[in-house]
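>
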Amino acid sequence: MSRKQLILIAIVLLAACALPLLVSNYRVFQFNLVLVYAIALLGLNMLTGYNGQISLGHGAFYAIGAYCAAILMDKYGVPYWATLPVAAAVCLVVGFLFGLPALRLEGLYLALATFALGVSLPHLLKYHHLEKWTGGVQGIVIAKPDPPFGLPINADQWLYYFTLAVTVVMFVLAWNMLRGRIGRALMAIRDQHIAAEAMGVNTAMVKSLAFGVSAMYTGVAGALGAIAIQFVAPDSFNIFLSIVLLIGIVIGGLASISGAIYGALFIQFVPNVADEISKAAPWAIFGIFLIGFVYVMPMGVAGAVRMAVARLARKAQNK
Amino acid sequence: MKLVPIAALLAVAFASPAALAQKKYDPGANDKEIRIGNTNPYSGPASAYGTIGKSIGAYFKMVNEQGGINGRKVVWVSYDDGYSPPKTVEMVRKLVEQDQVLFVFQTLGTPPNTAIHKYMNMKKVPQLHVATGATKWNDPKNFPWTMGWQPNYQTEGRIYAQHILSTNPKAKIGILYQNDDYGKDYLKGMKDGLGDKAGMIVREVSYEVTDPTVDSQIVQLQASGADTFFNITTPKFAAQAIRKAYDIGWKPAHYLNNVSTSIGSVLKPAGLEKSVGLISTQYLKDPLDEQWKDDASIKEWRAFMAKYYPEGNLADGSNLYGYTVAQTLHQVLKQAGNDLTRANIMKQAAAMKGYRAETMLPGIRINTDGGDFAPIESVQLIRFDGQQWKRFGQIMGK
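Encoded structure:
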């Protein structure tokens, strides 16, 4: 990483830390959700962007993570921070197991299989033998964590800082993984899986693991989302969530780490803007935004930023 | 004389605190306006209900043109939540923390309202007249900032029980219910209503929302020998149950919950001839009902729709519902006068004595007090004659 990049990241982090002190609690809550989405998008991007496996069902892993956190907090009195590793582990295993049979499916067929997962999970959550834990259609209400050690900040601000810390850890881990041998293997499989195999990459293992780790990221995001919203119910995790996540990575930029943040900002704020423009057809307005973005920035926001930076650098050299 | 102006000044100085004391405001209210927040599903699977939010907005547009309430204009801030609880939380926080509304009104759906239940009560912001029939909104002890409006499911269940007891005390009752809070609320109402006669229930069967059909449940109920059927189902399953019961030749006294009384989406798919004799309840006038054709309140409502909400559907009962619940709120705000604090809004909403909007059925009144947060608790029974629902009997309930 170049020095310039390091400085840039430091500035972004500082801005992120200062944010809750400058804006209202409601905005803090919204930015908290942006961080949550960013983690989920990063997870999906590993799978779809880096590894080329399309998932239309990541909302299901988000839901599993959310329910893990909610059930542990509500039924077993586990503190909120301790629910994250559990949600991560559960989603890792579920994702890995789902990835195994999904290995046989490529492209659109995999998209359909994951779509089935995303569609069916809300119904499974309503299943009455699971009601003891899931609360059925009524869902689970959980309490909001208070800031520890008597810190002079409110619950929203504390939760934002907590989420920010988790986000930074998750991004650093992802950066480490994707920049190294594993990342190269993932991309090799995406671009030329026969060549990758010839090079000695264990395709089956890497693909399944990619599924597992991707699900783990999304599950952690789900748990953080549940803690921020303080409520989970099957209606919260319909198939639309999965679609929105896919929109997020495409808009943000496929196979780009920073793209997850741009994508998260898009899926958090653009629907609200659309709703303010038109009550009659908010999703039509959203669609116009979507087409606009895809048309103007075909490589996603991250790609557009990269190109703009490169152009500026060239201009500076020419002078 | 110099003393006179001084005396006058003194008089003003002493009088003004008293004058000021009459006007009290919380965020969202001032001399000019009252800000009211709302979420409705304008998009998504439940978007058919979105027309309620629009008709309420149109109602307050009319009120504002006529001079507002106690000289204040109503600002109606309504956001789309797509019936998704996380979105409801986000939008309601926006309403309370950023838009600074005085209270939220008619937020729609049981899951969305459950998601904000704790938050509203923690913030002490009224969650007034929510648009759901769950019984849990009537819990002033634990949730003093939340109140329902429509008759709740338990009340309705009790009323069917009363009717069964008075018409057929030897009935053998079979019950089909949806296995969730909604179904269990009705079931509890029925059992409470039967009291020590709960043994009249010979069979209870349930179904899941995820089940493809309820055919086998209907066969089980017929086999139990029940001659009275309490049908607690949502529209799709209600249509299946009505058709199946008719097709296998089971002819019980058939009570259908108010949730599924739509002729267009339940009775037509089931078959109108198979629906003859169904019994259910109503508490608002039905705009399609011939007998209200020349009714003054329905005419007024049509004029309102034509002027303020011309794109709204006159055949959609939701538009009449929105108009009626907005009238109720109008009354609460009139009662509140110049004391527009959140505490006083709840106090006035819990002090409705015999109020009625004319679009409610004759005889139905709203009564609330500090321990009773259930505004409408009476309904009238209706029977389907093959063409439309016909009212019969007395107003039942409180």
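For the protein sequence lines, the chains are A and B, in the order given.
Under the working numbering, the first residue of the first sequence is numbered 605, with each subsequent residue one higher.
Under the working numbering, the first residue of the second sequence is numbered -6, with each subsequent residue one higher.
Just so you know, even glycine gets a beta-carbon here, dropped at the ideal spot from N, CA and C.
Only a predicted model underlies this, so the values are computations on that prediction, with no experimental measurement involved.
Quick check on the DSSP output: the alpha helix (DSSP H) that includes Y175/B runs from which residue to which?
Element bounds for Y175/B: 174 to 187.
> So which residues of chain A does E283/B contact, with C-beta pairs closer than 7 Å?
Per Cβ cutoff of 7 Å: no residues; E283/B is ~32 Å from chain A at best.
> Report the residue from D750/A, G857/A, A674/A, Q609/A whose alpha carbon sits nearest the alpha carbon of I744/A.
Comparing Cα positions, the closest option is A674/A.
> Taking C-alpha atoms, which residue in Q120/B, G270/B, E351/B, A336/B lies nearest to L374/B?
With distances taken between Cα atoms, L374/B lies closest to G270/B.
> Report yes if the C-beta distance between F764/A and F635/A is below 8 Å; otherwise report no.
Note that residue 764/A corresponds to Tyr in the displayed sequence, not to Phe. Taking 8 Å as the Cβ cut-off, Y764/A and F635/A qualify as a contacting pair.
> When you compare only the Cα positions, how much space is there between N23/B and L894/A?
Straight-line Cα distance between these residues: approximately 40 Å.
> May I ask which residues mark the beginning and end of the alpha helix (DSSP H) holding H247/B?
It is not in any alpha helix (DSSP H) - H247/B instead sits in the beta strand (DSSP E) that spans 246 to 249.
> Does the beta carbon of K111/B sit closer than 8 Å to a beta carbon anywhere in chain A?
Cβ-Cβ to chain A under 8 Å: yes for K111/B.
> Counting only beta-carbon separations shorter than 8 Å, does Y301/B have a partner in chain A?
Cβ-Cβ to chain A under 8 Å: no for Y301/B.
> Tell me whether S71/B sits in a helix, a strand or coil according to DSSP, three-state version.
DSSP places S71/B in strand when its eight states are reduced to three.
> When we look at the beta-carbon of G167/B and count the other beta-carbons within 10 Å, is it buried (16 or more) or exposed?
G167/B is buried by the Cβ-count criterion.
> Do Y423/B and A51/B have their C-beta atoms closer together than 8 Å?
With chain B represented from -6 up to 391, any question about residue 423/B goes unanswered, as that position is not in the structure.
> Closest Cβ-Cβ distance between E197/B and chain A: below 8 Å?
By this cut-off, E197/B is not an interface position.
> Relative to chain A, which residues along the segment 68 to 80 of chain B have a C-beta separation below 9 Å, given in chain order?
Answer in chain order: S71, Y72, D73, G75, Y76, S77, P78, P79, K80.
> Per DSSP, which residues does R196/B bridge with? Please list them.
The partner list for R196/B (beta bridge, DSSP) reads G167/B.
> Since Y630/A meets chain B, which of its residues come closer than 7 Å, beta carbon to beta carbon?
Neighbours of Y630/A on chain B, chain order: R86, K87, E90, Q91.
> Please confirm if Q657/A has its CB atom under 8 Å from at least one CB of chain B.
No, Q657/A does not count as interfacial toward chain B.
> What span of residues does the alpha helix (DSSP H) with M140/B cover, start to end?
Note, M140/B: premise wrong, no alpha helix (DSSP H); not H, not E.
> Apply the 10 Å Cβ neighbour rule to K730/A and answer buried if 16 or more other Cβ atoms are within range, or exposed otherwise.
Buried, since its Cβ has 16 or more Cβ neighbours within 10 Å.
> From P689/A, L790/A, K919/A, pick the residue whose C-alpha is nearest to that of V770/A; which is it?
Checking every option, the nearest Cα to that of V770/A belongs to P689/A.
> List the residues of chain A that P104/B touches, going by C-beta distances under 9 Å, in chain order.
Here the neighbours are V741, Q742, G743, F835, A837, P838, D839, S840.
> Please confirm if V202/B has its CB atom under 8 Å from at least one CB of chain A.
Chain A, which has a Cβ nearer than 8 Å to the Cβ of V202/B, makes this yes.
> Using a C-beta cutoff of 8 Å, does H727/A count as contacting chain B?
So yes, H727/A belongs to the interface.
> Under 8 Å by Cβ, that's how I've got W138/B and N114/B pegged, so tell me the actual separation to the nearest angstrom.
The pair is a contact, with the Cβ atoms about 5 Å apart (cut-off 8 Å).
> Hey, is F959/A's beta-carbon within less than 8 Å of any beta-carbon in chain B?
Nothing can be reported for residue 959/A, as the shown portion of chain A is limited to 605 through 923.
> Against chain A, does S217/B count as a neighbour if the rule is that its beta carbon must be under 8 Å from one of theirs?
Not an interface residue.
> Where does H247/B land, buried or exposed, given buried means 16+ other C-beta within 10 angstroms?
It counts as buried.
> Determine, using beta-carbon pairs with one atom in the segment 230 to 243 of chain B and one in the segment 174 to 187 of chain B, whether at least three such pairs fall under 8 Å.
Taking 8 Å as the limit for Cβ pairs, the verdict is that the segment 174 to 187 of chain B does not touch the segment 230 to 243 of chain B.
> Please report the straight-line C-alpha distance between F385/B and T274/B, rounded to a whole angstrom.
C-alpha separation (whole angstroms): 10 Å.
> For W294/B and N649/A, I'd like the C-alpha separation in whole angstroms.
Approximately 53 Å between the Cα atoms of the pair.
> Nearest to R335/B by alpha carbon, out of I152/B, D73/B, L95/B?
Looking at the Cα atoms, L95/B is the closest of the given residues.
> When you compare the CB of F633/A with every CB in chain B, is at least one pair closer than 8 Å?
Interface residue, yes.
> At what residues does the alpha helix (DSSP H) containing S371/B begin and finish?
That residue, S371/B, is in no alpha helix (DSSP H); its beta strand (DSSP E) goes 371 to 377.
> Taking the C-alpha atoms as reference points, what is the distance between N131/B and A868/A?
Computed Cα separation, rounded: 39 Å.
> For D332/B, does the three-state DSSP call read helix, strand or coil?
Correct three-state label for D332/B: strand.
> Could you give the first and the last residue of the continuous alpha helix (DSSP H) run that contains Y866/A?
First-last of the alpha helix (DSSP H) with Y866/A: 863 to 881.
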